[in-house]
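Number of protein chains: 2
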Amino acid sequence: MIEPNGHFCSDCAVRGTAVCASLDPAELREFEHLGRRVHFSTGETVFSEEDITTSFFNLLEGVMRLYKLLPDGRRQIVGFALPGDFLGMNMSGRHNFSADAIGAVTACQFAKVPFGRFIEDRPHLLQRINELAIRELSQARDHMVLLGRRSADEKVATFLLGWRERLVSVKGSSNIVPLPMSRQDIADYLGLTIETVSRTFTKLERHGAIEIVHGGICLRDPARVEALAAA
Amino acid sequence: MIEPNGHFCSDCAVRGTAVCASLDPAELREFEHLGRRVHFSTGETVFSEEDITTSFFNLLEGVMRLYKLLPDGRRQIVGFALPGDFLGMNMSGRHNFSADAIGAVTACQFAKVPFGRFIEDRPHLLQRINELAIRELSQARDHMVLLGRRSADEKVATFLLGWRERLVSVKGSSNIVPLPMSRQDIADYLGLTIETVSRTFTKLERHGAIEIVHGGICLRDPARVEALAAA
DNA sequence: AAACCCGATTGACCCAGGTCAAATTTGACG
DNA sequence: CGTCAAATTTGACCTGGGTCAATCGGGTTT
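Protein sequences appear in the order of chains A and B.
In the numbering used here, each number is its position in the first sequence, counted from 1, plus 128.
In the numbering used here, each number is its position in the second sequence, counted from 1, plus 128.
So this is what it looks like as structure tokens:
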């Protein structure tokens, strides 16, 4: 799972968008020694809700699901993480959600203590982390509106457009939207059941709004999907 | 609405819990000149979703509702703010939710630019703001679980206990839980309708779990309410 | 290519919570 | 007080989405 550090931050795929975007070349060289590249395979758990935070992760490749469980097993996915996302921002205490790899994942792992020391005299890095936290907070609030106040159709349409939008920075813009997560994952993200998600996909396809393709969907009539999502 | 600054941060009710908790006495004297005390009355809007952030607010007294609206008027309350809460943490861009006073409110208002300058060479203040943002993020995730995966009974029970818990730091612990917000506010917070909230309250009362009193509820059987919330 | 597995889809039915429509209570004001 | 107006409660009914149970692929193993 852990490999020696044969890489350079300066060539990193997420150099421009991740936390490290706030570092200058000199800092970057020092930073390079703090992180270690780690791999996870399909379904593997990277950290759990109840774990005390000992590491931060900078996602480099792949997709992760971030979720919380109720004691009786009900699951709410609170977000999907994409390359460039920074995980475990709790500087103290516990992670407050769990994270699994969806498919193969590569991340840059930092031990909490040295990372904390590195931040201390680099307020611009702290500021960058703060920006990311505030952006996530804003996404979280949007998602609350979706969970509390939108219908199943609106939820699915909003999800497809939002996911496509997030993929732009990773794969560029396209009407083909890959969905690496399962229907169950989508359901647990939208506060629905797997059956409702499936039925809604089928309905959208029957109406010519989307086409269900292997491993994702294709937006046939983006305007119609947008109309559904706006409502 | 704006009054001259005849107050001292050192006597402030939220001195120990708000952002300013991270400032030493010398800094506090300087900080004092940045903020101005403002008042809002019942139902008054402090800022709106679409407003560009020009001020931050430190809530001193009263309660506020923080919410987002869909174009068709559906509302989701994303949180209630209590004394000590810091609002408008977006350092750039727009507020991403609206905020109304519930009852009379007193706040400490900071203009964005001088506040931003003040932060710049005080990383511990930035760190404090970051901590608050991360705590809010954690609350937001908990609320997503509630909205996406809990039944009406569980939502109401969880709300009552959570609200009581939050009030501890303001009014101390008690089985009497004041509810300054309307039933509609509670419904919009929990992703329910006003009728369902009302019916659930009545049901809890019939079962002897709570008593509905003027301006709030009284927990008659906290253990039963906790059992409902845990589920 | 048959057997198997597992995720996804579809169908039939049901119920928690929404909708609509009255009461009823509360509060503000003359 | 009496009068409105607004908030809350209650009742009757309905429906969106959940539940339960087949069925349908698509991929892998033998």
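Cβ atoms here follow ideal geometry from the backbone N, Cα and C, with glycine treated the same way.
Phe246(B) places its beta carbon less than 7 angstroms from that of Leu162(B). Looking only at Arg311(B), Leu288(B) and Ser310(B), the smallest Cα-Cα distance to Ile338(B) is reached by Leu288(B). Taking one beta carbon from each stretch, the stretch 281 to 295 of chain A and the stretch 157 to 177 of chain A have fewer than 3 pairs nearer than 8 angstroms; the two do not touch. Here His271(A) is buried. Its C-beta has 16 or more other C-beta atoms within 10 Å. Asn258(A) counts as buried, since no fewer than 16 other beta carbons sit within 10 angstroms of its beta carbon. Taking Arg278(A) as the centre and dropping the five residues before and after it, the same chain places the C-beta of Thr286 closer than 7 angstroms to its C-beta, in chain order. Taking a cut-off of 8 angstroms for Cβ pairs, the stretch 223 to 236 of chain A and the stretch 175 to 189 of chain A touch, as three or more such pairs fall below it.
For Val191(B), the pairing in a beta bridge is given by DSSP as Ile230(B).
Judged by DSSP in its simplified three-state form, Gly207(A) adopts strand. Sequence-distant partners of Leu151(B) (beyond 5 residues in either direction) whose C-beta falls short of 7 angstroms from its own C-beta, in its chain, are Phe159 and Leu253.
Linking Lys299(A) to Arg143(A) through their CA atoms gives a straight-line distance of about 15 angstroms. Taking CB atoms only, Ala141(B) has no neighbour in chain A less than 7 angstroms away. For Cys346(B), the secondary structure class from DSSP, reduced to helix, strand or coil, is strand. Between the alpha carbons of Met217(A) and Ala261(A) lies a gap of roughly 8 angstroms.
Flagged as an interface residue toward chain A: Pro251(B), by a C-beta distance shorter than 7 angstroms. Closest in alpha carbon position to Arg311(B), among Ser297(B), Asp349(B), Ile304(B) and Phe329(B), is Phe329(B). Beta-bridge analysis with DSSP links Ile340(B) to Ile345(B).
For Gly163(B), the enclosing beta strand (DSSP E) starts and ends at Gly163 to Phe168. Assignment of alpha helix (DSSP H) within the stretch 231 to 308 of chain B, counting only whole runs of 4 or more residues, yields 240 to 248, 251 to 277 and 280 to 299 in chain order. Between Leu265(B) and Glu264(A), the gap from beta carbon to beta carbon is short of 7 angstroms. Residues of chain A with a Cβ closer than 8 angstroms to the Cβ of Ala268(B) are, in chain order, Leu265, Ala268, Arg269 and Met272. Under the three-state reduction of DSSP output, Ser183(B) falls in the strand class. In terms of beta-carbon proximity, Lys196(B) lines the interface with chain A, with at least one pair separated by less than 7 angstroms. For Gln204(B), the chain A residues whose C-beta falls within less than 7 angstroms of its own C-beta are Met272, Val273, Gly276 and Arg277, listed in chain order. Going by C-alpha positions, Gly276(A) is about 44 angstroms away from His135(A). Think of a sphere of 7 angstroms around the beta carbon of Phe225(A): the chain B residues whose beta carbon falls inside it are Arg269, in chain order. Asp200(A) counts as exposed, since fewer than 16 other C-beta atoms from the protein chains shown sit within 10 angstroms of its C-beta.
Cys140(B) and Arg327(A) have their C-alpha atoms some 56 angstroms from each other. Between Asp249(B) and Arg193(B), the CB-CB gap reaches or exceeds 7 angstroms. Under the three-state reduction of DSSP, Thr173(A) is assigned to strand. In this structure, Lys196(B) places its C-beta atom within 7 angstroms of the C-beta atom of Val273(A).
Under the DSSP assignment, Asp213(B) falls outside any alpha helix (DSSP H); it carries neither an H nor an E label.
The beta carbon of Asn218(B) sits closer than 7 angstroms to some beta carbon of chain A. In this structure, the beta-carbon distance from Gly231(B) to Pro308(B) falls below 7 angstroms. Distance from the CA atom of Phe243(B) to the CA atom of Ala357(B), rounded to whole angstroms, is 41 angstroms.
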